[in-house]
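Take the sequence shown: its position 289, counted from the start at 1, is 766 in our numbering, and no numbers get skipped. Positions of the beta carbon are idealized from the N, C-alpha and C atoms, including for glycine.
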Amino acid sequence: MNIQVKLAVPLAVMALTGAVQAQELIVKIGHVGPTSGAIAHLGKDNELGARMAIDDLNAKGVTIGGKKAKFELLAEDDAGDPKQGTAAAQKLMDSKVNGVIGHLNSGTTIPASKVYSDAGVPQISPSATNPKFTRNGYKTAFRVVADDVHLGGTLGKYSVQQLKGKSIAVIDDRTAYGQGVADEFEKGVKSAGGKVVGREFTNDKATDFTAILTSLKAKKPDVVFFGGMDAVAGPMLRQMKQLGISAKFVGGDGICTGELPKLSAGTMADEQVVCAEAGGVEGESKKSLDDFKAKFKAKYKADVQIYAPYVYDAVNVMVDAMVKAGSAEPAKYLPVLAKTDGYKGVTGTISFDNKGDIKNGALTLFTYKSGSRQQIAVVR
């Protein structure tokens, strides 16, 4: 074989490889959540939901605008801290991602949403419930769960009408999420004719609640609502038991996790805790969610905490808009994403209203028996 023939073979291979790469579209999807800190178990759950969606999309072989898409996940940790959240958002913008899934907390999602809006990059939160997120007028902001107006208000009414709460105490952790959901809970209690006998606050790093619980104990509450996350709710439940407060303990999605019994060190009485998760499925949709949870456990050897299925759906809704638009460029698929209507996900049907909120969002009410979470009902 002469030198010209020898060179021709690798050159032909290189040309073919180049042609394949030219036909392949790299789509970068960012994910941000607290994968360090007190609620790292929730942040990791969200990130695994995103990884599962990316793996499934790549296995499926999705075509966007005539090119085979290869999806890449760029994952960032915001530690549940607003400053770190905006820094993570800017890092993703510098990396030229095509879209962002996150953040987990309202306190990080809201400030980061301005960064994404300024860059014109779509953002879907799978779990931020503070109403302000979609009320800042940013066309790039979407969420796939019901907001705190619905969640807090429903829990407030439930506490009066179903739990028969006569004297209700409210505690929040002063975060955008905790204070926001507590405010809506209080409105719900009052609209149902209930009475709030005390309102106290702590912070999302606190571990000692003796002073505020002692103050509330004097008011003899039969329901205590906490706006915050499970890492704080667990120790709070322990200290309530130590102080002899046997009130029902009510909270939003932040406390509604599989970890709560462990974090409370077994001090929860059966059916003492009632919580609501933003989202929920019933009827035919229940099978798709159950199948997802089984597949997730098989893949990661871990149970779904809360929001992994919503992250999974958020990634797929975003990619569905790219496919329909024939482009992964944010400016081109954003208008299509905004018109999402009737998308069938593992968490139910997803349609966005003109603010970017999910239409007819569901809530699932849970309690705990023998250390495990049990569903009470799905409400809309």
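Assign residue i to one of two classes, buried (16 or more other C-beta atoms within 10 Å of its C-beta) or exposed (fewer than that).
i    : result
E859 : The displayed coordinates of the chain run from 478 to 857. Any statement about residue 859 would go beyond what the structure contains.
T841 : buried
R857 : exposed
D790 : buried
N613 : exposed
Q861 : In the structure as shown, the chain begins at 478 and stops at 857. Residue 861 is therefore absent and cannot be evaluated.
A646 : buried
D624 : buried
P603 : buried
A771 : exposed
Q498 : Residue confidence is low: Q498 scores 49 on pLDDT, short of 50, so the model does not pin down where it sits. No coordinate-derived value is stated.
Q851 : exposed
G721 : exposed
E748 : exposed
N607 : buried
I503 : exposed
N837 : exposed
Q716 : buried
S847 : exposed
Starting from residue i and walking both ways along the beta strand (DSSP E), at which residues does that stretch end?
i    : result
Y859 : Nothing about residue 859 can be read from this structure; the chain reaches only from 478 to 857.
L851 : Here residue 851 turns out to be Gln, not Leu, going by the sequence shown. 849–856 is the span of the beta strand (DSSP E), which, as asked, contains Q851.
L502 : 501–510
L581 : Looking at the DSSP string, L581 is not in any beta strand (DSSP E), and its letter there is neither H nor E.
I689 : Careful: I689 lies outside any beta strand (DSSP E), inside the alpha helix (DSSP H) at 687–694.
K547 : 544–554
K739 : It is not in any beta strand (DSSP E) - K739 instead sits in the alpha helix (DSSP H) that spans 737–740.
C733 : Per DSSP, C733 belongs to no beta strand (DSSP E) and is neither H nor E.
How would you write the range of the alpha helix (DSSP H) that residue i sits in, first residue to last?
i    : result
I531 : 517–537
K772 : 762–777
V709 : 707–719
G675 : Run containing G675: none in the alpha helix (DSSP H); it sits in the beta strand (DSSP E), 673–678.
A815 : 807–815
T563 : 559–571
Could you give the C-beta distance for residue i and residue j, rounded to a whole number, given that I count them as a contact under 8 Å?
i    : j    : result
G756 : A659 : G756 to A659, Cβ: 20 Å. No contact.
A530 : V800 : Incorrect: roughly 14 Å between the Cβ atoms, too far for contact.
L581 : L569 : Between L569 and L581 the Cβ distance is about 15 Å, and since that is not below 8 Å, they are no contact.
Y784 : G542 : Their Cβ separation, rounded to whole angstroms, is 31 Å, which puts Y784 and G542 out of contact at 8 Å.
L714 : T744 : 6 Å
A600 : V577 : The sequence given here places Gln at residue 600; Ala does not occur at that position. Yes, Q600 and V577 are in contact; Cβ-Cβ is about 5 Å, under 8 Å.
S636 : K697 : Wrong, their Cβ atoms sit about 15 Å apart, outside the cutoff.
| Do the segment 760–773 and the segment 735–749 touch if we need at least three Cβ pairs shorter than 8 Å? | no
| Are three or more beta carbon pairs between the segment 577–585 and the segment 804–816 nearer than 8 Å? | no
| Fully enclosed by the segment 633–667, which beta strand (DSSP E) runs are 3 residues long or longer? | 645–649
| request: Please confirm if the segment 509–523 is in contact with the segment 548–566, defined as three or more CB-CB distances below 8 Å between the two stretches. | output: yes
| field | Sufficient close CB pairs (3 or more, under 8 Å) joining the segment 659–673 to the segment 625–641 | value | yes
| message | Between the segment 703–711 and the segment 806–823, can you find at least three pairs of beta-carbon atoms closer than 8 Å? | response | Contact fails between the segment 806–823 and the segment 703–711, because fewer than three Cβ pairs, one in each stretch, are under 8 Å apart.
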